[in-house]
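Just below is one structure, and these are the notes that go with it.
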Amino acid sequence: MSGVQITPMTEKAFGATVTGVDLKNLSETEFGLLVEAFLEKGFLLFPDQHLTEAESTAFGERFGELEFGGLPMANQKKHNDGTFGEIYDLQSQLMRTNVGNETWHTDSTYKPISSKVAMLSAVVVAEEGGQTELADLRAGYEELDEDTKNLISGLSAFHSTNYSQANDLGDFPDTNDNGLYGTVYHGEAYLRPLVKVHPDTGRPNLFVGRHAFGIPGLGRDESRSLIASLLEHVVSDESRVYSHNWNVGDTLLWDNRRVLHRARPYDYAKPRYLIGTRVAGDPASELAYYPEDPEAEAGREALIAELHVLRQGSQDRMYGATTATF
Numbered sequence: 094m095s096g097v098q099i100t101p102m103t104e105k106a107f108g109a110t111v112t113g114v115d116l117k118n119l120s121e122t123e124f125g126l127l128v129e130a131f132l133e134k135g136f137l138l139f140p141d142q143h144l145t146e147a148e149s150t151a152f153g154e155r156f157g158e159l160e161f162g163g164l165p166m167a168n169q170k171k172h173n174d175g176t177f178g179e180i181y182d183l184q185s186q187l188m189r190t191n192v193g194n195e196t197w198h199t200d201s202t203y204k205p206i207s208s209k210v211a212m213l214s215a216v217v218v219a220e221e222g223g224q225t226e227l228a229d230l231r232a233g234y235e236e237l238d239e240d241t242k243n244l245i246s247g248l249s250a251f252h253s254t255n256y257s258q259a260n261d262l263g264d265f266p267d268t269n270d271n272g273l274y275g276t277v278y279h280g281e282a283y284l285r286p287l288v289k290v291h292p293d294t295g296r297p298n299l300f301v302g303r304h305a306f307g308i309p310g311l312g313r314d315e316s317r318s319l320i321a322s323l324l325e326h327v328v329s330d331e332s333r334v335y336s337h338n339w340n341v342g343d344t345l346l347w348d349n350r351r352v353l354h355r356a357r358p359y360d361y362a363k364p365r366y367l368i369g370t371r372v373a374g375d376p377a378s379e380l381a382y383y384p385e386d387p388e389a390e391a392g393r394e395a396l397i398a399e400l401h402v403l404r405q406g407s408q409d410r411m412y413g414a415t416t417a418t419f
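Below you can see the structure in the form of structure tokens.
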């Protein structure tokens, strides 16, 4: 008989803590219970798991094909022998990207196929700050008034990290093929609905975040205002937001199709090491289009126009309309 205990988060619309389970040695019955809880609750917290990079990868693979597995999410480069190098400069593009992730988003909406599942496991935690926060897009949608639901029905927005970095931080990453460039920053923008029907539950939720811009059919100001108001609505109620203070050994698993997340700042001059694994979405439900498809041209044009406007007005933001050169 399984000893799995699933305890809903107190005074939250979503989420649960799971105990009595070893993620390194799950039976099919136990995994089935976790999937059921995951789809209902949106995110699961597993204390005291202490997963390695290989174990994080193996657990993630049970949910499907991975975008990446067991990736060191650290502010230092990890060497092949397991040691870490110097702390990354805050002006490097990698750290600029990490700072950008302090704003609400879902993973991989800026790629042709958006992500299904994300997972983080804590190895070295910040002394202060460094929380991961989650927000429930399903409860947010359910609590919209009917006029707003009718307004946004059928509307979509483009998604791009080139946009979100420029809009949030005044950071204008290059789009060559080096490192983050060409993978995270690639000059494409992918059109996704403001209201997403979850492929496994059939329930609708909002699908907005920092990467979203340029709703076709609306003017720029109206589009920006609508996206901002929807996002603010989701995170304005404490029951729809969970802030996780990391303990070594924690694993946090969430549904990228339903849940927003953001990182909270910490002292970036001190080491922090989480392990990240991301499960790829099913193309049947998460594919927008590919760069070679005819639809992609509208996204590129929208992004070019938006970045032109942002460059003129983002000199007062954190990175002053600049591009990292290292």
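Quick note on my numbering: the sequence shown kicks off at 94 and runs consecutively. Beta carbons: idealized from backbone N, C-alpha and C, even for Gly.
Hey, V111 and L138: beta-carbon distance below 8 Å or not?
Locating residue 111 in the sequence shown gives position 18, counting from the first residue. Locating residue 138 in the sequence shown gives position 45, counting from the first residue. Yes, they are a contact pair.
Assuming A305 contacts A250 under a Cβ cut-off of 8 Å, what Cβ separation, rounded to an integer in Å, is found between them?
Taking the first residue of the sequence shown as 1, we reach residue 305 at position 212. Taking the first residue of the sequence shown as 1, we reach residue 250 at position 157. That pair is a contact at about 4 Å.
Using 8 Å as the limit for Cβ to Cβ distance, is E158 near chain D?
Of the chains in the structure shown, none is chain D; there is only one protein chain.
Quick check: the Cα distance between A228 and R410, rounded to an integer number of angstroms?
By one-based count along the sequence shown, residue 228 stands at place 135. By one-based count along the sequence shown, residue 410 stands at place 317. Straight-line spacing of the CA atoms in A228 and R410 works out to 25 Å.
Where do the ends of the alpha helix (DSSP H) carrying I245 lie?
Numbered from 1 along the sequence shown, position 152 holds the residue referred to as residue 245. Membership of I245 in the alpha helix (DSSP H) is indicated by the continuous run E239 to I245.
Can you give me the C-alpha to C-alpha distance between G280 and Y181, rounded to a whole angstrom?
In the sequence shown, the residue the question calls residue 280 occupies position 187. In the sequence shown, the residue the question calls residue 181 occupies position 88. Cα to Cα, G280 sits roughly 25 Å from Y181.
Report the option in L367, K242, K363 and P205 whose CA atom is closest to the CA atom of A389.
As a working note, residue 389 is residue 296 in the sequence shown. If we check each option's Cα against that of A389, P205 comes out closest.
Taking the C-alpha atoms as reference points, what is the distance between G406 and G108?
Counting from 1 along the sequence shown, the entry for residue 406 is found at position 313. Counting from 1 along the sequence shown, the entry for residue 108 is found at position 15. Looking at the two C-alpha atoms, the distance is approximately 39 Å.
Note down the Cα distance separating M94 from S120, rounded to an integer number of angstroms.
Walking along the sequence shown from the start, residue 94 turns up at place 1. Walking along the sequence shown from the start, residue 120 turns up at place 27. In this prediction, M94 scores a pLDDT of 44, lower than 50, which makes its location untrustworthy; no coordinate-derived value is stated.
With 16 as the cutoff for other CB atoms within 10 Å, does E160 come out buried or exposed?
Within the sequence shown, numbered from 1, the residue matching residue 160 stands at position 67. By the 10 Å Cβ count, E160 comes out buried.
Which runs of the alpha helix (DSSP H), 4 residues or longer, sit entirely within the stretch 318–356?
none
Buried or exposed, going by whether 16 or more other CB atoms sit within 10 Å of the CB of D348?
For the purposes of this step, residue 348 is identified with residue 255 of the sequence shown, where counting begins at 1. That one is buried.
Can you tell me whether L183 is buried or exposed? The criterion is at least 16 other CB atoms within 10 Å of its CB, across all chains shown.
Numbered from 1 along the sequence shown, position 90 holds the residue referred to as residue 183. With fewer than 16 other Cβ atoms within 10 Å, it is exposed.
Does DSSP put A147 in a helix, in a strand, or in coil?
The sequence position of residue 147 within the sequence shown is 54, counting from 1. A147 sits in a helix when the DSSP states are folded into three classes.
Take every Cβ of the stretch 205–222, pair it with every Cβ of the stretch 379–396, and state whether three or more of those distances are shorter than 8 Å.
Yes: the two stretches touch, three or more of their Cβ pairs being nearer than 8 Å.
Would P266 be called buried (16 or more neighbouring beta carbons within 10 Å of its own) or exposed?
Position 173 of the sequence shown, counted from the start, is the residue given in the question as residue 266. A buried status is given to P266, since no fewer than 16 other beta-carbon atoms sit within 10 Å of its beta-carbon.
Use the C-beta contact count for R303: other C-beta atoms within 10 angstroms, 16 or more gives buried, fewer gives exposed.
As a working mapping, residue 303 is identified with position 210 in the sequence shown. Buried is the call here.
Would G96 be called buried (16 or more neighbouring beta carbons within 10 Å of its own) or exposed?
By 1-based counting over the sequence shown, the position of residue 96 is 3. Exposed, because fewer than 16 other Cβ atoms sit within 10 Å of the Cβ of G96.
Tell me whether I308 sits in a helix, a strand or coil according to DSSP, three-state version.
By one-based count along the sequence shown, residue 308 stands at place 215. In this structure, I308 counts as coil in the three-state DSSP scheme.
Mind checking who H252 pairs with in its DSSP beta bridge?
Start at 1 with the first residue of the sequence shown, and residue 252 comes out as number 159. DSSP lists Y283 and A305 as partners of H252.
State the Cα-Cα distance for the pair P383 and Q186, rounded to the nearest angstrom.
Position 290 of the sequence shown, counted from the first residue, corresponds to residue 383. Position 93 of the sequence shown, counted from the first residue, corresponds to residue 186. A quick correction: the sequence has Tyr, not Pro, at residue 383. Cα to Cα, the separation comes out at about 25 Å.
Could you tell me the boundaries of the beta strand (DSSP E) in which M166 lies?
On the sequence shown, residue 166 is found 73 positions in, with the first residue counted as 1. Judged by DSSP secondary structure, M166 falls within the beta strand (DSSP E) whose first and last residues are L159 to A167.
Okay, do the stretch 196–203 and the stretch 253–268 touch, 3+ Cβ pairs below 8 Å being the bar?
The stretch 196–203, when compared against the stretch 253–268, does touch it at the 8 Å Cβ threshold.
Taking the C-alpha atoms as reference points, what is the distance between P297 and R231?
In the sequence shown, residue 297 corresponds to position 204, counting from 1. In the sequence shown, residue 231 corresponds to position 138, counting from 1. In a straight line, the C-alpha of P297 is about 6 Å away from that of R231.
Label K399 either buried or exposed according to how many other C-beta atoms from any shown protein chain fall within 10 Å of its C-beta, with 16 as the threshold for buried.
Here residue 399 corresponds to residue number 306 of the sequence shown, with the count starting at 1. Note that residue 399 is Glu in the sequence shown, not Lys. Flag for E399 reads buried.
Could you tell me which residues DSSP puts in a beta bridge with S120?
In the sequence shown, residue 120 corresponds to position 27, counting from 1. Its beta-bridge partners do not exist; DSSP assigns none.
Okay, do the stretch 187–199 and the stretch 285–292 touch, 3+ Cβ pairs below 8 Å being the bar?
no
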